[in-house]
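Asks:
Numbering (the working numbering), first residue to last: 1 to 190.
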């Protein structure tokens, strides 16, 4: 009896943690990788992972491909049933397959976070995504000086070429977010 109860609880626990997908509806993600000179970047890995309930606990690798000779990619994958799913597109990052290897790339990696609401007619087009070479990127730190109580800084805007490694398409302007003061930027900008 105890074995049956343990088996039931184990099966229930693992079956309740799975991300559910709509077997009939497909999403399409497409884009093109280019360098800062607008040249296509070929043969870079693109992955799409889903994460449930805004956490990184339950996740699925649901699609992956490499860019073609023109730097273009298209992926088709089943739509998650839940609206509380984060869809992360990892560009030129470590995949599940080679996570433990020491692969290095001369180009940066990027994560683009989105959700189902950003798809229009089941499609999300990233258009052109610029990847910078790692040696073309530096850190810019903005130091905020103290202000009086009636003055506050609500946003820091950096003009120039940002080499963002994380792009969040679900930014909610009403959320209380901290002010970003560290930026990855392209070197030698005029």
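We put the CB at the ideal spot given by N, CA and C, even for glycine. Predicted, not measured: the structure shown is a model, and the values here were computed from it.
Between which residues of its own chain and residue 169 is the CB-CB distance below 7 Å, once the five residues before and five after are set aside?
Replies: Cβ neighbours of residue 169 beyond the five flanking positions: 112, 113, 114, 118.
Asks: With a threshold of 8 Å between beta-carbons, can residue 152 be considered close to chain D, or not?
Replies: The structure shown contains no chain D; it is built from a single protein chain.
Asks: Give me whichever residues DSSP pairs with residue 24 in a beta bridge.
Replies: Per DSSP, none; premise fails for residue 24.
Asks: Which whole-angstrom value is the C-beta distance of residue 127 and residue 31, which I expect to be below 8 Å?
Replies: Between residue 31 and residue 127 the Cβ distance is about 6 Å, and since that is below 8 Å, they are a contact.
Asks: If we count the other Cβ atoms within 10 Å of its Cβ and call it buried at 16 or more, is residue 108 buried or exposed?
Replies: Looking at its Cβ environment, which holds 16 or more other Cβ atoms inside 10 Å, residue 108 is buried.
Asks: Could you tell me the boundaries of the beta strand (DSSP E) in which residue 59 lies?
Replies: Segment 59-66, the beta strand (DSSP E) holding residue 59.
Asks: Can you tell me whether residue 134 is helix, strand or coil according to DSSP?
Replies: Here residue 134 sits in helix by DSSP.
Asks: With distances taken from CA atoms, which of 62, 74, 67 is nearest residue 23?
Replies: Among 62, 74, 67, the Cα nearest to that of residue 23 belongs to 62.
Asks: Tell me the DSSP bridge mates of residue 45?
Replies: In the DSSP output, where bridge partners are listed per residue, residue 45 has 66.
Asks: Can you look up residue 111 in the DSSP assignment and give me helix, strand or coil?
Replies: Reduced to three states, the DSSP call for residue 111 is strand.
Asks: Take the Cβ of residue 71 as the centre, count every other Cβ of all protein chains shown within 10 Å, and call the residue buried at 16 or more, exposed below.
Replies: By the 10 Å Cβ count, residue 71 comes out buried.
Asks: Between the region 83-93 and the region 26-46, do at least 3 Cβ pairs fall closer than 8 Å?
Replies: Output reads yes: the region 26-46 touches the region 83-93.
Asks: Buried or exposed: where does residue 166 fall if 16 or more other Cβ atoms within 10 Å of its Cβ makes it buried?
Replies: Exposed, by the Cβ-count rule.
Asks: Mind checking who residue 79 pairs with in its DSSP beta bridge?
Replies: Partner(s): 22.
Asks: By Cβ distance, which residues of its chain are closer than 8 Å to residue 34, with the 5 residues on each side in sequence left out?
Replies: Excluding sequence neighbours, residue 34 sits near 40, 41, 71, 128, 129, 130, 131.
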